[in-house]
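Those protein sequence lines, which keep their order, are chains A and B.
With the working numbering as the guide, the letters of the first sequence map in order to residues -11 to 345.
With the working numbering as the guide, the letters of the second sequence map in order to residues -11 to 345.
Where a beta carbon is used, it is the ideal one built from N, C-alpha and C, also for glycine.
Let me begin by presenting the structure, written as structure tokens, before commenting on it.
2 protein chains.
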Amino acid sequence: MLYLLKRSSKDIKNSNIKKKTTIKDIANVLNISAAAVSKALHDDSRISAKTKKAVRQVAKNLNYQPNHLASALRSGKSNLVGVIVPRTNSNFFSSVIENMEEVLNKEGYNIIITQSNESYKKECDSIDTLLFTQVDGIIASMANETIDLKYYEKVKSKGIPLILFDRGENDLNVDYIGINDYESSHMIVEHLIKQGCKRIAHIGGYKRTRIFNNRIRGYVDAIKKHSLPLDDELLVESNLTIKDGRAKMQQLLKLNHRPDAVYVAGDYAALGALQILNEQNINVPDDIALVGFGDEPFTSMVTPSISSINQHSAEIGKLAAKTFLDHAKQSSVKQLLNKIILDAELVVRASSKKVSK
Amino acid sequence: MLYLLKRSSKDIKNSNIKKKTTIKDIANVLNISAAAVSKALHDDSRISAKTKKAVRQVAKNLNYQPNHLASALRSGKSNLVGVIVPRTNSNFFSSVIENMEEVLNKEGYNIIITQSNESYKKECDSIDTLLFTQVDGIIASMANETIDLKYYEKVKSKGIPLILFDRGENDLNVDYIGINDYESSHMIVEHLIKQGCKRIAHIGGYKRTRIFNNRIRGYVDAIKKHSLPLDDELLVESNLTIKDGRAKMQQLLKLNHRPDAVYVAGDYAALGALQILNEQNINVPDDIALVGFGDEPFTSMVTPSISSINQHSAEIGKLAAKTFLDHAKQSSVKQLLNKIILDAELVVRASSKKVSK
DNA sequence: CTTAACTGCTTAAACGTTTAATCAACTCTT
DNA sequence: AAGAGTTGATTAAACGTTTAAGCAGTTAAG
């Protein structure tokens, strides 16, 4: 009596939830072993073409979906790649991610995106989360705040492939994909000089972040190279938000000896700077020329349109994904190290194109 | 001899890769069973306080990290929640995600973010990916393109909790969190009327998307209610990008009888509209008042600042997460249905604040 | 004709947990 | 002092795969 009760309640459950079909169900249908089915589905050379075909047919009929957790557990591979970015709400990062995803999906990998919001703590949490989820690799762009690299060292020490892009860190000695920031600064400065600018300011990012430091070094060296004035007051450090772009532009306008060109290390801050210039009826580019960095879509939509550096986000995303795949494919022992530095491209727009020239 | 060889080769391996510590290692140290360790870590009532304490201590010493895959496989729960959004590169969506993540992380869930890029196909792929990854639930905002709901039905039929936010769909009959779009339109129209506007245009989103349809209905009804002119030419459909905002604004300016106010259903399109107005030296708000939708941060940074509707993105994210947790916690049988409609808030800024009044 | 190699499969163990079913040893009740 | 209940553990099976090892049957080589 008790048994009957139990069984009937179980039956109700079963009829509701309809168990997923497993490899065993397929094996039962064909009267072969589960192992054979597994091998057939993986196109193992030791399984006959006939069996493979039959297995695939039955799998389709039963709407078989492989249990990712089981295979991940057994094989030790989750087929998941973790991605850490400061924020996804810029075109640069969302484009990088989109292209990474495309490449990785093709090889059977899925991605988990996490945002650090430029916070060191959140970045550490993200790393822990990703390690917990047993990702097969991590592709990251570091938060501005991050100085202590111990969490990234932890990833390395676990033998999980780590690829950095854009915001990298030399000391870590891992794969890196980015653009030539130093050279980009040269391009910008030389472009501005060609337009007749003689006093070029730079609203730069945080000095301790490598890419921004490279941009600053590039700016300084280019200015020196062309014997232009290199005043301390012309070089300011910023967090590169719209808001701070406004503040730093206001600061530059207060100078006794104003610049006739401003090179801003980020487009959002460049937009803020442009707003101030427009509000104060300062003609751009004739009074002050402006160049941004990143080629965010809005740069071409504002008035005047902002010259900027195209960072090849799509390319970066694809290369980062491919670099991971290189690691994943080969045995863990051989450790190749990729440092890919792409040439960036200066897109000249109205904000730095002097018609008077 | 053979044994010795095998062992030594194994030892080399171990010293290199240093195996992760498992529940068994802890059990061995304490001379108890693995099951006891598992229960201790889960704070089972049948394990003594002393044992629990010891287990936790050893776990810490050995730097034990639970194997998520194994527990997920055994328990049938992956503790992963899938999130699908059109794009992450707006403040609205990234803020929603950030807050969702916060709530879910606290309960031990992690999230997998995927972007549909407004493409129906990519949305379907995302759903398949998430199902494959065995997420415990899906929280989504639908792509503009999506009309066919069969993929979402698939999620429902698998018994996986599905929660929609912002871009939902009535026919699906699932939980939904959003704002009162219809009422928001009323607020905007009435605000503009108070400013003295008599001819109000609406650059709306796609009619077939429910939220945009509600905004359009709200606009139409509010106009009717106050006996203002309701010309077909004043109501235009847009994809709400910056670019299309520009195009649709230009279209409105070509009318014989120009509007004196424009209500745009999205901030990016409102920005495009503002650019055109600025370029053509049309005074905002005196000649034409402007109101956007979404309260993206840049609305307060442009000149003039754009009035907009605050959608309470943080709230939406948190509520969506909580709604999922409600489902996750209770047995699958009882199916409660939440439709949460938040009141939005009109943030009045320079673009619709007539000083002449 | 024997040995070797290949083909196509099966068996069984393993991945690291969770959990139902037991069990031994106590502590109360009555 | 026997039965009932509680406490704190153990055992063993299970989750759905993958994979090393093995085995029967066929083919090829010497």
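Verify the CB distance criterion: does residue i have a CB-CB separation below 9 angstroms to chain B?
i                 : result
Gln263 of chain A : yes
Glu225 of chain A : no
His214 of chain A : no
Phe286 of chain A : yes
Arg44 of chain A  : no
Pro217 of chain A : no
Ile101 of chain A : yes
Arg155 of chain A : no
Ala58 of chain A  : yes
Phe281 of chain A : no
Arg203 of chain A : no
Would residue i and residue j qualify as a contact pair, given that the criterion is a beta-carbon distance under 9 angstroms?
i                 : j                 : result
Thr287 of chain B : Arg234 of chain B : no
Ala308 of chain B : Met88 of chain B  : yes
Pro273 of chain A : Lys195 of chain A : no
Ala210 of chain B : Val250 of chain B : no
Val162 of chain A : Lys142 of chain A : no
Met237 of chain A : Leu216 of chain A : no
Ile100 of chain A : Val71 of chain A  : yes
Gln268 of chain A : Leu241 of chain A : yes
Asn55 of chain B  : Thr10 of chain B  : yes
Lys12 of chain B  : Gln53 of chain B  : no
Gly166 of chain A : Leu330 of chain A : yes
Arg187 of chain A : Pro247 of chain A : yes
Asp228 of chain A : Gly254 of chain A : The question names Asp, but residue 228 of chain A is Leu in the sequence shown. Yes, the pair counts as a contact, with Cβ atoms nearer than the cut-off.
With DSSP collapsed to three states, give me the class of residue i.
i                 : result
Leu259 of chain A : helix
Val162 of chain A : coil
Ser36 of chain B  : coil
Phe153 of chain B : strand
Gly70 of chain B  : strand
His194 of chain B : What sits at residue 194 of chain B in the sequence shown is Tyr, not His. Correct three-state label for Tyr194 of chain B: coil.
Gly90 of chain B  : A small correction: the amino acid at residue 90 of chain B is Glu; Gly does not occupy that position in the sequence shown. Here Glu90 of chain B sits in helix by DSSP.
Lys8 of chain B   : coil
Asn244 of chain A : coil
Leu325 of chain B : coil
Thr76 of chain B  : coil
Asn202 of chain A : helix
Ile135 of chain A : coil
Ile230 of chain B : helix
Ser296 of chain A : strand
Tyr251 of chain A : strand
Leu334 of chain A : strand
Lys27 of chain B  : helix
Ile276 of chain A : coil
Ile20 of chain B  : coil
If I measure Cβ to Cβ from residue i and keep anything under 8 angstroms in the same chain, skipping five residues before and after, which residues do I get?
i                 : result
Gly96 of chain B  : Asn67
Ser82 of chain A  : Thr76
His179 of chain B : Val279, Ser295, Leu334, Val336, Ser340
For my contact list, residue i and residue j are in at a C-beta cut-off of 8 angstroms; report their separation, rounded to the angstrom.
i                 : j                 : result
Tyr39 of chain A  : Ile20 of chain A  : According to the sequence as given, residue 39 of chain A is Thr; it is not Tyr. So it is a contact: roughly 7 angstroms between Cβ atoms.
Asn51 of chain B  : Pro285 of chain B : No, Asn51 of chain B and Pro285 of chain B are not in contact; Cβ-Cβ is about 41 angstroms, not under 8 angstroms.
Gly260 of chain B : Ile297 of chain B : 17 angstroms between Cβ atoms; not a contact.
Glu225 of chain B : Gly192 of chain B : 6 angstroms
Please confirm if residue i has its CB atom under 9 angstroms from at least one CB of chain A.
i                 : result
Ala258 of chain B : no
Val343 of chain B : no
Thr10 of chain B  : no
Ala338 of chain B : no
Arg75 of chain B  : yes
Asp113 of chain B : yes
Lys317 of chain B : no
Ser301 of chain B : no
Ignore the nearest five residues each way along the sequence and tell me which others in residue i's own chain have a CB closer than 6 angstroms to its CB.
i                 : result
Leu223 of chain B : His190
Val356 of chain A : A question about residue 356 of chain A goes unanswered here, because the residues of chain A that appear run from -11 up to 345.
Ser172 of chain A : Ile297, Ala332
Met175 of chain A : Leu334
Gly206 of chain A : Tyr170, Ser173, His174
Asn201 of chain A : Lys195
Ser339 of chain B : Val272, Pro273, Leu278, Pro292, Ile294, Ser295
Ordered along the chain, which non-local residues of its own chain (more than five positions away) have a Cβ less than 7 angstroms from that of residue i?
i                 : result
Pro149 of chain A : Gly125, Phe312, His315, Ala316
Ile134 of chain B : Per the sequence presented here, residue 134 of chain B reads as Thr, with Ile not at that position. Correct list, in chain order: Tyr108, Glu111.
Ser26 of chain A  : Ile11
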